[in-house]
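Worksheet: one structure, shown below.
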Amino acid sequence: NDLLQAPLVLSPHGSSIRRQVDYLLQKHNVTPNIVIESTNTATITKLATAGLGITFLPDSVHTQPDPERYNILPLPQALMSLNYFIAFPAEHSLNQVEKDLVTILLTQLEADLAQSSTIS
Numbered sequence: 001n002d003l004l005q006a007p008l009v010l011s012p013h014g015s016s017i018r019r020q021v022d023y024l025l026q027k028h029n030v031t032p033n034i035v036i037e038s039t040n041t042a043t044i045t046k047l048a049t050a051g052l053g054i055t056f057l058p059d060s061v062h063t064q065p066d067p068e069r070y071n072i073l074p075l076p077q078a079l080m081s082l083n084y085f086i087a088f089p090a091e092h093s094l095n096q097v098e099k100d101l102v103t104i105l106l107t108q109l110e111a112d113l114a115q116s117s118t119i120s
């Protein structure tokens with residue numbers, strides 16, 4: 001809650017990390033104090049490490065620890081989550097192409113989750 005109420009340096013709406021941050025904001029009923037948004041992850045990182053605000057970065061962004069200037073806190077994966085769904089009319093039966101699409105999405109999601117659990 002404290003982190004979410006601090007000044008935030010974020011990626012714009014629609015980015016994957018921003019969807020997760022928006023999920024947390026909504027879940028904790030927090031109105032964000034967004035100081036700046038940028039589409040460039042390096043810019044977001046530099047602005048946050050310079051003290052402009054707090055940001056949330058994926059594991060793939062490597063930030064050099066500097067305990068004199070800022071803190072880097074890992075968040076549990078269970079805290080950061082998104083719900084995915086595919087909606088279609090109840091009277092519609094999925095054709096083979098649509099079933100294949102669902103299979104591909106689920107297979108890729110499982111692979112991504114397995115990879116992220118080995119990285120953490």
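Take the sequence shown: its letter number 80 is residue 80 in the numbering used here, and every next letter is one higher. Quick reminder that beta carbons are idealized off the backbone N, C-alpha and C, glycines included.
Distance between residue j and residue i (C-alpha atoms, nearest Å)
i    : j   : result
L47  : V30 : 22 Å
V102 : Q26 : 28 Å
N95  : F88 : 12 Å
P12  : E37 : 6 Å
P76  : I86 : 26 Å
L79  : L24 : 8 Å
D2   : K99 : 43 Å
H28  : V97 : 39 Å
CB of residue i within 8 Å of CB of residue j, strictly
i   : j   : result
I17 : P74 : no
I54 : A6  : yes
L52 : P32 : no
I45 : V35 : Rather than Ile, the amino acid found at residue 45 in this sequence is Thr. No, they are not a contact pair.
T43 : Y70 : no
Buried versus exposed, by CB contacts within 10 Å (16 or more), residue i
i    : result
L8   : buried
T107 : exposed
I104 : exposed
Those runs of the alpha helix (DSSP H) which lie wholly inside the region 29-99 and span at least 4 residues: 41-49
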